[in-house]
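*Asks:*
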Amino acid sequence: MLYNIMPSFIQEKVDIMKSEMVEDDIVDNWFLMQYQWPVVTILVFYLAFVLKIGPDLMRDRKAMSLKYVMLAYNLFQTLFNAYIVSFIFIPGSFSYLYTHSCVPLPRQHNPLWMRLNEAAWYYYISKIVDLLDTIFFVLRKKHSHVSFLHLYHHTAMVYMCWGYLRYFKGEQGVFQGVLNAVVHVVMYSYYFLAALGPEVRKYL
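First residue of the sequence shown: 35, per the numbering used here; consecutive thereafter.
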């Protein structure tokens, strides 16, 4: 009995997923969107560097300071994530998301839908930029920060963001992305101020 039920149950879920897939000639041809192989390649090189190449490279070297690199990186991340958050303030976006998140309006001819896809693409790119966090940990020899959870989170976020924007261009994910970007604005602002030195850090 269970043998007869399971295939139809699985097929039903597969059919639902297929019905949710949305293609768009413009979005699907954006940078790093058309094929999955560039994304997979980035993630493979990322894992290879942080797990093998980087630690081997730094084994007999002193930890790098990277003070000014970190200042620039944290400032960039703060501004970049603030820009992503700004998309929620596009006229009509909040009410559209609140009203149609689970039952979206026709998408391809909706300019607001395209702007929200832009926001999702910038968010996806920000997750690729986030991979530098781990690389900096390795170069600064903060190996205790490179945990399985850390690697899983950063790797999965990149691939899931690509899959979301490539196949499931639904509005449901925008709110979560905006909330995450808000957290990153606060987090990287703190990191930037802390990196300015003890004179500033004592006020944090």
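By construction, the Cβ of each residue, glycine as well, lies at the ideal position given by its N, Cα and C atoms.
(1) Please report the straight-line C-alpha distance between Arg-149 and Phe-121, rounded to a whole angstrom.
(2) Just to check my reading of the structure: Leu-173 and Met-98 have Cβ atoms closer than 8 Å, yes? What is that Cβ distance to the nearest angstrom?
(3) Taking the CB atoms as reference points, tell me whether Ala-229 and Lys-101 lie closer together than 8 Å.
(4) Measuring alpha carbon to alpha carbon, tell me which residue in Leu-113, Pro-89, Gly-211 is nearest Lys-175.
(5) Note down, one range per segment and in chain order, each alpha helix (DSSP H) of at least 4 residues found wholly within the region 57-104.
(6) For Thr-133, is the classification buried or exposed, using 16 other Cβ atoms within 10 angstroms of its Cβ as the cut-off for buried?
(7) Pick from Asp-62, Val-180, Asn-63, Val-119: whose alpha carbon is nearest that of Val-217?
(8) For Val-78, is the classification buried or exposed, using 16 other Cβ atoms within 10 angstroms of its Cβ as the cut-off for buried?
(9) Under 8 Å Cβ to Cβ from Trp-196, same chain only, skipping five residues before and after it: list those, please.
(10) Assuming Arg-115 contacts Val-180 (C-beta within less than 8 Å), just tell me the rounded distance between them.
(11) Rounding to the nearest angstrom, what Cα-Cα distance links Ser-163 and Ser-129 in this structure?
(12) Curious, which full-length alpha helix (DSSP H) runs of at least 4 residues does the region 148-229 contain?
*Replies:* According to the structure data:
(1) 8 Å
(2) 5 Å
(3) yes
(4) Pro-89
(5) 71-82, 88-92
(6) exposed
(7) Val-119
(8) exposed
(9) Leu-66, Met-67, Gln-70, Val-73, Tyr-158
(10) The amino acid at residue 115 is misidentified as Arg; the sequence shows Asn. Actually they do not touch by this definition, with Cβ atoms about 22 Å apart.
(11) Per the sequence shown, the amino acid found at residue 163 is Val instead of Ser. Roughly 30 Å between the two C-alpha positions.
(12) 165-173, 182-201, 206-228
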